[in-house]
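Numbering (our numbering), first residue to last: 1 to 400.
The C-beta atom is built at its ideal place from N, Cα and C for all residues, glycine as well.
Right, one structure below, let's go through it.
Set out below in structure tokens:
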């Protein structure tokens with residue numbers, strides 16, 4: 001994804017990202033889009049997102065729309081696979097880079113040259129950034145959201161990935177991560193840099209606002225995720241529903257989202273005898289439907305095996321809803337006892353005890369305090385200013 005400024009009084013910022021919401025990809029990449037929106041308060045922003053398409057007949061197809069004040073350029077490109085893994089990898093990087101050049105040329109027809117490139121989610125996104133720095137002396141920063149560097153994930157591997165990632169980190173002006181935990185994990189992977197910053201995920205506090213709750217007679221526990229079982233451990237929440245239902249009948253657990261393990265989890269809930277009695281699958285909810293769902297909750301629950309800092313936490317806090325989560329990733333950096341509760345990852349007994357307690361005490365949390373915390377740390381203005389400060393420092397060091 002590429003973000004670029006068009007007003008001479010504002011810096012031209014170019015976002016490159018491996019993920020960005022489009023018709024193929026709605027849930028992953030939303031946090032990148034929210035960062036771009038936050039930046040757009042201070043910079044004129046455009047986006048180039050590069051998407052491989054095996055069905056494409058021509059080499060490239062470009063779509064251009066304006067949304068949320070951002071000029072979005074989506075470049076679809078044809079993928080050609082090889083039977084040899086290393087050749088296939090190199091071919092994908094080459095095709096990705098050529099697709100970027102198509103999008104960049106399209107962008108420059110109506111926009112000024114970028115002052116800075118903002119890379120989101122390594123590694124292939126670093127290739128265009130390194131090219132622009134070498135050819136046009138355009139500095140870049142990196143923002144990492146992904147959990148691949150965390151010890152539990154072990155996703156940072158492969159010679160080409162490691163080579164390009166280390167080269168990108170070495171040449172970047174700054175590295176930002178959404179949590180201190182992710183920063184430390186990257187450093188432990190050998191990605192050392194003397195200019196790390198923590199800039200959190202952002203939440204639209206003007207949209208995620210507390211609303212008057214309607215009492216349907218049941219206390220609703222809401223879980224929102226991408227239904228990746230290895231990471232999100234949703235089956236444990238199904239087991240929680242089963243165990244709680246043997247003790248009380250005043251609650252429901254609503255599972256919101258979509259993903260490759262959804263059908264498997266659905267069948268697990270059905271076999272457990274809790275489907276449509278205590279566990280309800282609500283599908284992928286967006287915009288006001290998602291806000292309404294969070295506001296109808298007593299608590300939001302997460303029980304991930306590994307995690308970075310899911311945006312559903314600040315979204316819930318912004319609505320004044322407390323959060324119960326496993327203590328993984330960078331969640332403990334924000335989720336203190338006045339905002340919700342933490343349990344050790346995998347400890348289903350303590351998860352049961354905390355959930356049972358919170359169902360009787362969730363109303364004791366101060367909604368105004370929860371919302372104020374979200375506004376202070378995760379609001380568009382705060383995050384946008386943090387990035388602008390880094391941009392300005394980077395551009396001051398640019399050689400003339």
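message = Helix, strand or coil, according to DSSP, for residue 120 in the structure here?
response = Indexing the chain shown from 1 puts residue 120 at position 120. Here residue 120 sits in strand by DSSP.
ask   = In whole angstroms, what is the alpha-carbon distance linking residue 12 and residue 220?
value = One-based indexing of the chain shown puts residue 12 at position 12. One-based indexing of the chain shown puts residue 220 at position 220. Cα-Cα distance, rounded: 45 Å.
key: Three-state secondary structure (DSSP) of residue 168   = Counting from 1 along the chain shown, the entry for residue 168 is found at position 168. It is helical.
task = Write down every uninterrupted run of the alpha helix (DSSP H) in the stretch 213–276 whose length is 4 residues or greater and which is fully enclosed by it, in chain order.
result = 229–232, 234–245 and 262–272
message = So, at 7 Å on beta carbons, what are the nonlocal neighbours of residue 374 in its own chain, with the 5 sequence-adjacent residues on each side left out?
response = Translated into positions along the chain shown, residue 374 becomes position 374. Here the set comprises 203, 205, 314, 317 and 318.
Same chain, Cβ closer than 7 Å to residue 332, five either side skipped, listed in chain order = As a first step, residue 332 must be located in the chain shown, where it is residue number 332. If we look at residue 332 and ignore the five residues flanking it on each side, its Cβ neighbours are 342.
task = Counting only the same chain and skipping the five closest in sequence on each side, list residues whose C-beta sits under 6 Å from that of residue 186.
result = Along the chain shown, read from residue 1 onward, the residue named residue 186 stands at position 186. Taken in chain order, the residues that qualify are 149.
query = Can you tell which of 371, 303, 335 and 388 has its C-alpha closest to the C-alpha of residue 350?
reply = As a first step, residue 350 is located in the chain shown; it is residue number 350 there, counting from the start. Minimum Cα distance to residue 350 is reached at 303.
task = Flag residue 284 as yes when its Cβ comes closer than 7 Å to any non-hydrogen atom of the ligand ZN, and as no otherwise.
result = Inclusion of the ligand ZN in the displayed structure is not the case, the ligand content being empty and no account of it being possible.
message = Between the alpha carbons of residue 388 and residue 113, how many angstroms are there, rounded?
response = Residue numbering aside, residue 388 sits at position 388 when the chain shown is read from its first letter. Residue numbering aside, residue 113 sits at position 113 when the chain shown is read from its first letter. Near 18 Å, if we compare the C-alpha coordinates of residue 113 and residue 388.
ask   = If you measure from the beta carbon of residue 287 to each beta carbon in chain C, is any gap under 8 Å?
value = Although the question refers to chain C, the structure presented lacks it and comprises just one protein chain.
task = Please report the residue range of the alpha helix (DSSP H) in which residue 136 lies.
result = For the purposes of this step, residue 136 is taken as the residue at position 136 of the chain shown. That run of the alpha helix (DSSP H) goes 126–136.
task = Tell me, to the nearest whole angstrom, how far the beta carbon of residue 77 is from that of residue 56; I am working on the premise that it is less than 8 Å.
result = By one-based count along the chain shown, residue 77 stands at place 77. By one-based count along the chain shown, residue 56 stands at place 56. So it is a contact: roughly 7 Å between Cβ atoms.
message = For residue 231, tell me which candidate among 378, 356, 168 and 346 has the shortest Cα-Cα distance.
response = Position 231 of the chain shown, counted from the first residue, corresponds to residue 231. The candidate whose alpha carbon is nearest that of residue 231 is 346.
inquiry  = Can you look up residue 380 in the DSSP assignment and give me helix, strand or coil?
reply    = Counting from 1 along the chain shown, the entry for residue 380 is found at position 380. Helix at residue 380.
query = Which first and last residues belong to the alpha helix (DSSP H) in which residue 181 is found?
reply = Working through the chain shown from its first residue, we reach residue 181 at position 181. Where residue 181 is concerned, the enclosing alpha helix (DSSP H) stretches over 180–188.
request  = Work out the CA separation of residue 295 and residue 212 for me, nearest whole Å.
outcome  = The residue labelled residue 212 in the question sits at position 212 within the chain shown. The residue labelled residue 295 in the question sits at position 295 within the chain shown. Each residue's alpha carbon lies about 8 Å from the other.
task = Tell me the start and end of each unbroken beta strand (DSSP E) in the stretch 43–89 that is at least 3 residues and wholly inside, in chain order.
result = 45–52, 60–67 and 70–77
key: Residues near residue 395 in its chain [Cβ-Cβ closer than 8 Å; skip 5 each side]   = As a working note, residue 395 is residue 395 in the chain shown. So the qualifying residues of the chain are 11, 115, 116 and 139.
query = Under the rule that 16 or more other beta-carbon atoms within 10 Å means buried, what is residue 159, buried or exposed?
reply = Position 159 of the chain shown, counted from the start, is the residue given in the question as residue 159. By the neighbour-count rule (16 or more Cβ atoms within 10 Å), residue 159 is not buried but exposed.
task = Pick helix, strand or coil for residue 32, following the three-state DSSP scheme.
result = As a working mapping, residue 32 is identified with position 32 in the chain shown. The answer is helix: DSSP assigns residue 32 an H, G or I state.
task = Compute the Euclidean distance between the alpha carbons of residue 95 and residue 79, then round it to the nearest angstrom.
result = The residue given as residue 95 occupies position 95 in the chain shown. The residue given as residue 79 occupies position 79 in the chain shown. Roughly 7 Å between the two C-alpha positions.
message = On the DSSP letters alone, give me the boundaries of the alpha helix (DSSP H) that residue 343 sits inside.
response = Counting from one through the chain shown, the residue named residue 343 turns up at place 343. No alpha helix (DSSP H) holds residue 343; the beta strand (DSSP E) holding it covers 340–343.
task = Please check the pair residue 32 and residue 120, which I expect to be a contact at CB under 8 Å, by giving their CB distance rounded to whole angstroms.
result = Counted from its first residue, the chain shown places residue 32 at position 32. Counted from its first residue, the chain shown places residue 120 at position 120. So it is a contact: roughly 5 Å between Cβ atoms.
message = Whole angstroms are fine: how far does the CA of residue 260 sit from the CA of residue 167?
response = Counted from its first residue, the chain shown places residue 167 at position 167. Counted from its first residue, the chain shown places residue 260 at position 260. Distance between the alpha carbons of residue 167 and residue 260: 33 Å.
request  = Consult DSSP for residue 15 and reduce its assignment to one of helix, strand or coil.
outcome  = Along the chain shown, read from residue 1 onward, the residue named residue 15 stands at position 15. Of the three classes helix, strand and coil, the one that applies to residue 15 here is strand, per DSSP.
query = Beta-carbon separation of residue 311 and residue 30 under 8 Å?
reply = Here residue 311 is taken as the residue at index 311 of the chain shown, counted from 1. Here residue 30 is taken as the residue at index 30 of the chain shown, counted from 1. Yes; because the gap between Cβ atoms is below 8 Å, this pair is in contact.
query = Expressed to the nearest angstrom, what Euclidean distance is found between the alpha-carbon atoms of residue 90 and residue 132?
reply = As a position in the chain shown, residue 90 is number 90, starting the count at 1. As a position in the chain shown, residue 132 is number 132, starting the count at 1. When rounded, the distance between both Cα atoms is 19 Å.
inquiry  = Could you check whether residue 199 and residue 125 sit closer than 8 Å to each other, using their CB atoms as the reference points?
reply    = Here residue 125 is taken as the residue at index 125 of the chain shown, counted from 1. Here residue 199 is taken as the residue at index 199 of the chain shown, counted from 1. Cβ distance not < 8 Å, so residue 125 and residue 199 don't count as in contact.
inquiry  = Give me the DSSP bridge partner(s) of residue 283.
reply    = Counting from 1 along the chain shown, the entry for residue 283 is found at position 283. Beta-bridge pairing links residue 283 to 256.
request  = Return the residue from the list 287, 362 and 238 that minimises the CA-CA distance to residue 299.
outcome  = Within the chain shown, the letter at position 299 stands for residue 299. Per the Cα distances, 362.
query = Helix, strand or coil: how does DSSP classify residue 174 here?
reply = Mapped onto the chain shown, residue 174 falls at position 174. In the structure shown, residue 174 sits in a strand (DSSP, three-state: E or B).
key: Pair within 8 Å by beta-carbon distance, residue 236 and residue 348   = Reading the chain shown from its first residue, position 236 is the one you call residue 236. Reading the chain shown from its first residue, position 348 is the one you call residue 348. Contact flag set, yes.
query = Around the Cβ of residue 38, are there at least 16 other Cβ atoms within 10 angstroms (buried) or fewer (exposed)?
reply = As a position in the chain shown, residue 38 is number 38, starting the count at 1. Result: buried.
query = Does the beta-carbon of residue 201 have 16 or more other beta-carbons within 10 angstroms, so that it is buried, or is it exposed?
reply = For the purposes of this step, residue 201 is taken as the residue at position 201 of the chain shown. Buried, by the Cβ-count rule.
ask   = So what's residue 359 in DSSP terms, helix, strand or just coil?
value = For the purposes of this step, residue 359 is taken as the residue at position 359 of the chain shown. Helix at residue 359.
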